[in-house]
Each structure stands twice: as C-alpha cells, then as structure tokens.
C-alpha cells in the first residue's frame, strides 16, 4: 500500500502594538484553515483509484494580548477556538470542537522574574480541563541565574487519530502531562 497526501492551508491575522489605558500593549488575532486529504492505494491492483480515502478540515480562530502593567507586572491573555471535521470512505462525517482561554501574570524586577498562569480547554467530546503553570528566575551572582518551572498539559486526540480505518483508535483518551525543571544558567541573555 502507498499513501498520497494533499494538504492546503492558509492564515490571515492582525497585529497591533501601541498604548492603551493599561499601558504598552500588543494585540494579535487570526483565523486559519487547514484541509488534508489522504488516499490509500494498493499498487498490485493495477489502478490508482484509492481503496480508502480520508478528508479532514480544521478552522482555527485565536486572539491574544500582552499588557505592560504598573509596578513591573505584565498580563498575557488569550483565547482560541478550533472546529474539526473528518470523513472517510466508509463512515458518517464526524465533527468536534475545542475552545480555550488562558491568562499569565508576570512580575519582572531587577534580577528576579516570576510568572503564574492558568489555562482552560473545553472539548466537545472530552469535557473541560484546567491546567496550571508557573516559572521563575533569579540572578544569583554576576551572570549566573537559577531557573525553575512547573507546567501541566492537555491534548485531545484528533478525529483522524480516533476514526481513520486501520490507523485510528476510538479508545484513545486525552493526554495529560506534568513537567518540572530546575536549572543553573551562566551567561547573559539576548
């Protein structure tokens, strides 16, 4: 068997940098679309007519903002939505969606940087999941810094991963993760 894949994508976005009532600001927004078609062909059949085909599409919309606040604080916020569709040669078309939002509050002082954030993902099949993250860095002496971070993650399987014949698995569940790291860093950052 061999596979032929055709994919097309596009994105349009806006970016604004300036000042608002909250101070220095950067705002971004965009919309994107991706379409992927896969044809699976059995060459010994002597024909290039696909034995099995899949077609999937994803619309993605996002917006984010970065705000410089008083007293050395920053605030990053954002939201995005994604709508997916999947159809193959044998089954009924399937659809899912996910909407997400996040906020990250930071403080950036002389030799010390701290940030803490929260994210929520609401998936049409797998429900709502909250994840948390925090990180910090402190200058110890000269150009030596101590860094540490903690983060949680959530990722739902795609419709292709769930439903594609011979390749999908409808028993898949979302992946979750937790990560920690601590490091010493020497040298100046650009």
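Residue numbers (this note's numbering): 2 to 191. For each residue, glycine too, the CB sits at the ideal point set by N, CA and C. Computed from a prediction, not measured in an experiment: that's the story for all the values here.
Taking the alpha-carbon positions, what's the residue i to residue j distance?
| i | j | result |
| --- | --- | --- |
| residue 136 | residue 37 | 37 Å |
| residue 102 | residue 29 | 14 Å |
| residue 9 | residue 142 | 51 Å |
| residue 44 | residue 56 | 21 Å |
| residue 63 | residue 78 | 11 Å |
| residue 149 | residue 58 | 39 Å |
| residue 105 | residue 40 | 42 Å |
| residue 145 | residue 114 | 14 Å |
| residue 117 | residue 108 | 9 Å |
| residue 179 | residue 3 | 38 Å |
| residue 175 | residue 35 | 22 Å |
Let's see if you can read the secondary structure: which residues bound the beta strand (DSSP E) around residue i?
| i | result |
| --- | --- |
| residue 41 | 24-42 |
| residue 136 | 128-142 |
| residue 105 | 95-110 |
| residue 156 | 145-156 |
| residue 1 | Since the first residue of the chain shown is 2 and the last is 191, residue 1 is not available in this structure. |
| residue 123 | 113-124 |
Residue i lies in the alpha helix (DSSP H); which residues open and close that run?
| i | result |
| --- | --- |
| residue 161 | 160-164 |
Tell me which residues share the same chain as residue i and place their Cβ nearer than 6 Å to its Cβ, disregarding the 5 neighbours each side in the sequence.
| i | result |
| --- | --- |
| residue 177 | 155 |
| residue 181 | 151 |
| residue 15 | 30 |
| residue 5 | 40 |
| residue 138 | 114, 146 and 148 |
Excluding the five sequence neighbours on either side, which residues of its own chain have a C-beta within less than 7 Å of the C-beta of residue i, listed in chain order?
| i | result |
| --- | --- |
| residue 69 | 24, 25 and 75 |
| residue 133 | 119 and 153 |
| residue 189 | 144 |
Is the CB-CB distance between residue i and residue j below 8 Å?
| i | j | result |
| --- | --- | --- |
| residue 89 | residue 65 | no |
| residue 99 | residue 119 | no |
| residue 33 | residue 7 | no |
| residue 185 | residue 147 | yes |
| residue 85 | residue 94 | no |
| residue 97 | residue 126 | yes |
| residue 112 | residue 140 | yes |
| residue 27 | residue 18 | yes |
| residue 162 | residue 173 | yes |
For residue i, which of helix, strand or coil comes out of DSSP?
| i | result |
| --- | --- |
| residue 167 | coil |
| residue 189 | coil |
| residue 90 | coil |
| residue 179 | strand |
| residue 173 | coil |
| residue 1 | Residue 1 lies beyond the stretch modelled for the chain, which goes from 2 to 191, so this question has no answer here. |
| residue 15 | strand |
| residue 69 | strand |
Does any heavy atom of the ligand NAD sit closer than 7 Å to the C-beta of residue i?
| i | result |
| --- | --- |
| residue 96 | Among the components of this structure there are no ligands whatsoever, and the ligand NAD is therefore not found. |
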